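Working notes for the structure below.
There are 6 protein chains.
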Amino acid sequence: MNNVYITRKERFNAAHRLFRPEFTDAENLRIFGKCSNPNWHGHNYTLWVTVKGEVCNSTGFVADLKELSLIINEKVIILLDHRNINLEVDFMSGKLASTENLTIAIWNKLDEPVKKLGASLHCVKVEETDNNMVEYFGPSK
Amino acid sequence: MNNVYITRKERFNAAHRLFRPEFTDAENLRIFGKCSNPNWHGHNYTLWVTVKGEVCNSTGFVADLKELSLIINEKVIILLDHRNINLEVDFMSGKLASTENLTIAIWNKLDEPVKKLGASLHCVKVEETDNNMVEYFGPSK
Amino acid sequence: MNNVYITRKERFNAAHRLFRPEFTDAENLRIFGKCSNPNWHGHNYTLWVTVKGEVCNSTGFVADLKELSLIINEKVIILLDHRNINLEVDFMSGKLASTENLTIAIWNKLDEPVKKLGASLHCVKVEETDNNMVEYFGPSK
Amino acid sequence: MNNVYITRKERFNAAHRLFRPEFTDAENLRIFGKCSNPNWHGHNYTLWVTVKGEVCNSTGFVADLKELSLIINEKVIILLDHRNINLEVDFMSGKLASTENLTIAIWNKLDEPVKKLGASLHCVKVEETDNNMVEYFGPSK
Amino acid sequence: MNNVYITRKERFNAAHRLFRPEFTDAENLRIFGKCSNPNWHGHNYTLWVTVKGEVCNSTGFVADLKELSLIINEKVIILLDHRNINLEVDFMSGKLASTENLTIAIWNKLDEPVKKLGASLHCVKVEETDNNMVEYFGPSK
Amino acid sequence: MNNVYITRKERFNAAHRLFRPEFTDAENLRIFGKCSNPNWHGHNYTLWVTVKGEVCNSTGFVADLKELSLIINEKVIILLDHRNINLEVDFMSGKLASTENLTIAIWNKLDEPVKKLGASLHCVKVEETDNNMVEYFGPSK
Chain A
1 MNNVYITRKE RFNAAHRLFR PEFTDAENLR IFGKCSNPNW HGHNYTLWVT
51 VKGEVCNSTG FVADLKELSL IINEKVIILL DHRNINLEVD FMSGKLASTE
101 NLTIAIWNKL DEPVKKLGAS LHCVKVEETD NNMVEYFGPS K
Chain R
142 MNNVYITRKE RFNAAHRLFR PEFTDAENLR IFGKCSNPNW HGHNYTLWVT
192 VKGEVCNSTG FVADLKELSL IINEKVIILL DHRNINLEVD FMSGKLASTE
242 NLTIAIWNKL DEPVKKLGAS LHCVKVEETD NNMVEYFGPS K
Chain W
283 MNNVYITRKE RFNAAHRLFR PEFTDAENLR IFGKCSNPNW HGHNYTLWVT
333 VKGEVCNSTG FVADLKELSL IINEKVIILL DHRNINLEVD FMSGKLASTE
383 NLTIAIWNKL DEPVKKLGAS LHCVKVEETD NNMVEYFGPS K
Chain G
424 MNNVYITRKE RFNAAHRLFR PEFTDAENLR IFGKCSNPNW HGHNYTLWVT
474 VKGEVCNSTG FVADLKELSL IINEKVIILL DHRNINLEVD FMSGKLASTE
524 NLTIAIWNKL DEPVKKLGAS LHCVKVEETD NNMVEYFGPS K
Chain X
565 MNNVYITRKE RFNAAHRLFR PEFTDAENLR IFGKCSNPNW HGHNYTLWVT
615 VKGEVCNSTG FVADLKELSL IINEKVIILL DHRNINLEVD FMSGKLASTE
665 NLTIAIWNKL DEPVKKLGAS LHCVKVEETD NNMVEYFGPS K
Chain E
706 MNNVYITRKE RFNAAHRLFR PEFTDAENLR IFGKCSNPNW HGHNYTLWVT
756 VKGEVCNSTG FVADLKELSL IINEKVIILL DHRNINLEVD FMSGKLASTE
806 NLTIAIWNKL DEPVKKLGAS LHCVKVEETD NNMVEYFGPS K
């Protein structure tokens, strides 16, 4: 098995807020700083999805990046782009809208669909700002 | 007069929504598309402020970029960063939260303070996403 | 009149070759270097289209950047993307496939359509590589 | 053994086409889309080569990045830059010109020469467009 | 254990010189090239610090990136920024000022402090120029 | 006359210090901050040179960007790269090593040589850090 890793980059713009509903505004401000602003703020998120597998002799591909892009858009981007992550994104419901939780949730949305491409999900990476990014490689085995 | 142009780049993350309150949600959706989402969305905005003037013999500067940065932060960034542009930014009150209006408003906040540096404001540029940007060079004379 | 300038960035990937058909391969190689390779080479081109106009009171826009993007895609990108500029692009027919000629030709394709947006074309910028770029501001008046 | 990883980034511009000669144009179009255009298209490829090893006490280097750059240029870049990958690159002869196959082939060109630097090849990464990239870490052991 | 990896990016500008004091200028020039210039040169260094750990149920964080940033600034950046790495940085004293040695030294400055965040240091990456970068994942175990 | 503008991007790494020799260290520190460090600091400078002219019918070029690159390297880059701007760069001798003065000095080095290409120098832009840049369009006429 000679694995090759292919990565597709996508983008979405969304609003969010870091807070716990059981905390007061003052407590949320102390823990989450300006990210707890009750009137929301937002980001241009960048998403990298890395898939691994063997190269197909017939196509020269691990997987068709256009198909991978379609899956990412259908399962993740249209649910997040120009949305409020706290209020409108079912797969983040009940979770703190941190980049860590968002990255794990995106992994869970993509893990099964990627298998249909004949490859396996290797890494989901989310960049929230130019200076902050999160990577998840799946649950430990 | 041999003008030299110096530019300082700053960043802020904010939520906004494009809509007119006198329109229905359907009308706003038709005109502004997904940017009219009532639950907000947001961006990592990048701001470039260009100032022009002659080079000071004593310092070798048109203006001290650290002082220019302080002015931009005090007059603009702390009012926008991690804020909701529609709800929380006084100098955008009553205006559509488009990048065009935001860019003009930032010019108006900076025009006078920059004069105290002994230079004059030349251009304000705001990038909303990697693909969309707006520049304003001030009112015509 | 207080002009504001808005810019939309688009991308296309294309093959080209710099050569004059009336020259020998040796002459083309001397003048155009490795860019004259008879078997073609290619680039990821980046295109910035800047449009100027007054801000509309009703929308807060100089022009709708989604409509500007549609025009650029319809008039330029679909004719260039994954194409051979020398062989397949009608509006470059009979011209040397230099970035200069390409930039002027893109201006000519966009000048009229942009007027329908109620704005006027200000600048077309094409980046051929990270180190080489060309700008055109239209014919002198 | 305390391995340190050093990476050199290089660039090349090339034309290519995705297709199988035994397929009809229609079949190639169905499988490879616009990437199968018989008149070619091209890209600004970016290449990252990562080498690992222990830091030399005498030089403070894992390997001299200038020497690594020379090797990459001699073994890979001059054979690819401003070339047609399908027609002119011996080490891609008979292979589909996919980024996956190109990345593996570059690994095979560099694996031995890198050993002469006293280090070992760790990863070859090729970016075809801003959104698509491929990594290869060598054959499984 | 489901590890998530978070990365913070910071920057510093510094002067340095590659040379061994026991060598002549000619020997240093032969081994280190223009990097051995006795009058120094410098770089805009970029630093990525990656930390791994489990996501905290209460905060949604592996670690607070603002706290991680404070640690990096206090332990590393203020000692390097606008400094001469050879002359003024205690933790590089007596070492060749190569990016490899700098990266290892930054790891050693951050390994303990990161543990106080309840996470563990995974990778330190330093980019010296756009084309040269170094990564260190810690001593082998 | 239909001017087209072409730009070449080059890079150099250098050390410098902002200070006036007639001032004390304390005065220099007050005016120039950490940029006055007597032990120097440095940057990865990026240089953009923009040249304007009409497109040549024979070549499709305003000027050959490879020739422009050669001129920039011969007249500017080899004098600055891996150098100390205060101590080793003749054309900066006696001047404060600010980015403003450096940008004007680079203009003066390139103005005449660019004319030999049959074009005229339009703009010199120098980026000192990702956040600070300077542009000069030549002396007023």
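Residue numbers (the numbering used here), protein chains in the order written: chain A, 1 to 141; chain R, 142 to 282; chain W, 283 to 423; chain G, 424 to 564; chain X, 565 to 705; chain E, 706 to 846. Glycine is no exception: its CB is placed at the ideal position from the N, C-alpha and C atoms. In this text the structure is predicted, and so the values were computed from the model without any measurement.
(1) Tell me the rounded alpha-carbon separation between residue 505 (chain G) and residue 315 (chain W).
(2) Provide the residue span of the beta strand (DSSP E) that contains residue 760 (chain E), from first to last.
(3) State yes or no: is the beta carbon of residue 703 (chain X) nearer than 8 Å to at least one beta carbon in chain G?
(4) If we count the other Cβ atoms within 10 Å of its Cβ and call it buried at 16 or more, is residue 266 (chain R) buried or exposed?
(5) Just tell me which of R:151, R:144, R:146 and R:143 has its CA closest to the CA of residue 221 (chain R).
(6) Apart from the five residues just before and just after residue 195 (chain R), which ones in its own chain have a Cβ nearer than 8 Å to its Cβ?
(7) Is residue 405 (chain W) closer than 8 Å to residue 394 (chain W) when the C-beta atoms are compared?
(8) Mind checking which residues open and close the beta strand (DSSP E) that includes residue 834 (chain E)?
(9) Run through chain X and tell me which residues come within less than 7 Å of residue 718 (chain E), C-beta to C-beta.
(10) Tell me the start and end of each unbroken alpha helix (DSSP H) in the region 591 to 676 of chain X that is at least 4 residues and wholly inside, in chain order.
(11) Step through the CB atoms of chain R and report whether any lies within less than 8 Å of the CB of residue 102 (chain A).
(12) DSSP three-state call for residue 115 (chain A): helix, strand or coil?
(13) Relative to the C-alpha of residue 697 (chain X), which residue among X:682, X:668, X:678 and X:685 is closest?
(14) Cβ of residue 529 (chain G) within 8 Å of Cβ of residue 439 (chain G)?
(15) If the cut is a Cβ gap below 9 Å, which residues of chain G does residue 136 (chain A) touch?
(16) Would you call the CB atoms of residue 514 (chain G) and residue 532 (chain G) closer than 8 Å?
(17) For the beta strand (DSSP E) holding residue 577 (chain X), just list the boundary residues, first then last.
(18) To which residues does DSSP link residue 445 (chain G) through a beta bridge?
(19) Quick check: the Cα distance between residue 782 (chain E) and residue 606 (chain X), rounded to an integer number of angstroms?
(20) Can the beta-carbon of residue 751 (chain E) be found less than 8 Å from the beta-carbon of residue 832 (chain E)?
(21) Please state if the CB of residue 754 (chain E) and the CB of residue 713 (chain E) are separated by a distance shorter than 8 Å.
(22) Any beta carbon of chain W sitting closer than 8 Å to that of residue 453 (chain G)?
(23) If I measure Cβ to Cβ from residue 75 (chain A) and keep anything under 7 Å in the same chain, skipping five residues before and after, which residues do I get?
(24) On the CB-based measure, 16 or more other CB atoms within 10 Å of its CB, does residue 757 (chain E) come out buried or exposed?
(25) Check whether the Cβ of residue 150 (chain R) lies closer than 8 Å to any Cβ atom in chain E.
(26) Could you tell me which chain E residues have their CB closer than 8 Å to the CB of residue 378 (chain W), listed as they occur along the chain?
(27) Would you decide whether residue 493 (chain G) is buried or exposed? Buried here means 16 or more other CB atoms lie within 10 Å of its CB.
(28) Since residue 838 (chain E) meets chain R, which of its residues come closer than 7 Å, beta carbon to beta carbon?
(29) Starting from the Cα of residue 117 (chain A), find the closest Cα among A:56, A:131 and A:12 and give me that residue.
(30) Cutting at 8 Å between CB atoms, please list the residues of its own chain near residue 154 (chain R), excluding the five before and the five after it.
(31) Should residue 167 (chain R) be labelled buried (16 or more other beta-carbon atoms within 10 Å of its own) or exposed?
(32) Can you tell me the Cα-Cα spacing of residue 321 (chain W) and residue 511 (chain G), whole angstroms?
(33) Which whole-angstrom value describes the C-beta separation of residue 260 (chain R) and residue 159 (chain R), a residue pair presumed to lie in contact below a C-beta threshold of 8 Å?
(34) Compare the C-beta of residue 532 (chain G) against all C-beta atoms of chain X and say whether one is closer than 8 Å.
(35) Which term fits residue 765 (chain E), buried or exposed, when burial requires 16 or more other beta carbons within 10 angstroms of its beta carbon?
So, from the listed chains and residues:
(1) Straight through space, the alpha carbons of residue 315 (chain W) and residue 505 (chain G) are spaced by roughly 10 Å.
(2) Here residue 760 (chain E) belongs to no beta strand (DSSP E), and DSSP marks it neither H nor E.
(3) Chain G places a beta carbon closer than 8 Å to that of residue 703 (chain X), counting this residue as a contact.
(4) Buried is the call here.
(5) Of the candidates R:151, R:144, R:146 and R:143, the residue whose Cα lies closest to the Cα of residue 221 (chain R) is R:151.
(6) Counting only Cβ-Cβ distances below 8 Å, and skipping sequence neighbours, we find 142, 143, 144, 145 and 203.
(7) Taking 8 Å as the cut-off, the Cβ atoms of residue 394 (chain W) and residue 405 (chain W) do not count as close.
(8) Residues 825 to 834.
(9) Those within 7 Å of residue 718 (chain E) in chain X are 605, 606, 607 and 693.
(10) Taking 4 residues as the shortest admissible run, the region 591 to 676 of chain X contains the following complete alpha helix (DSSP H) segments, listed from N- to C-terminal end: 629 to 636 and 649 to 652.
(11) With a threshold of 8 Å between beta carbons, residue 102 (chain A) makes no contact with chain R.
(12) In this structure, residue 115 (chain A) counts as helix in the three-state DSSP scheme.
(13) Selected option, being the one with the closest Cα: X:668.
(14) With a cutoff of 8 Å on beta-carbon distance, residue 529 (chain G) and residue 439 (chain G) are scored as not near each other.
(15) Here the premise fails: no neighbours, minimum Cβ distance about 17 Å.
(16) Contact flag set, yes.
(17) Residues 568 to 580.
(18) Its beta-bridge partners do not exist; DSSP assigns none.
(19) Distance from the CA atom of residue 782 (chain E) to the CA atom of residue 606 (chain X), rounded to whole angstroms, is 15 Å.
(20) Taking 8 Å as the Cβ cut-off, residue 751 (chain E) and residue 832 (chain E) qualify as a contacting pair.
(21) In this structure, residue 713 (chain E) places its C-beta atom within 8 Å of the C-beta atom of residue 754 (chain E).
(22) Output row for residue 453 (chain G): interface = no.
(23) Within its own chain, the residues whose Cβ lies closer than 7 Å to the Cβ of residue 75 (chain A), once the five positions on either side in sequence are excluded, are 109, 110 and 113, listed in chain order.
(24) Buried.
(25) Yes, residue 150 (chain R) counts as interfacial toward chain E.
(26) For residue 378 (chain W), the C-beta contacts it makes with chain E under 8 Å involve 764 and 765, in order along the chain.
(27) Counting other Cβ atoms within 10 Å of its Cβ, residue 493 (chain G) stays below 16 and is therefore classed as exposed.
(28) When 7 Å is used as the limit between beta carbons, residue 838 (chain E) is near these residues of chain R: 148, in chain order.
(29) Proximity to residue 117 (chain A) across A:56, A:131 and A:12 peaks at A:56, based on C-alpha coordinates.
(30) A distance below 8 Å between beta-carbons, with the five flanking residues on each side excluded, links residue 154 (chain R) to the following residues of its chain, in chain order: 183, 184, 185, 186, 222 and 223.
(31) Answer is exposed; the Cβ neighbour count stays below 16.
(32) For residue 321 (chain W) and residue 511 (chain G), the gap between their C-alpha atoms comes out near 8 Å.
(33) Separation of the CB atoms of residue 260 (chain R) and residue 159 (chain R) is rounded to 34 Å, and the pair is thereby denied contact status at 8 Å.
(34) Among the CB atoms of chain X, none fall inside 8 Å of the CB of residue 532 (chain G).
(35) A residue is called buried once 16 or more other Cβ atoms fall within 10 Å of its Cβ, and residue 765 (chain E) is buried on that count.
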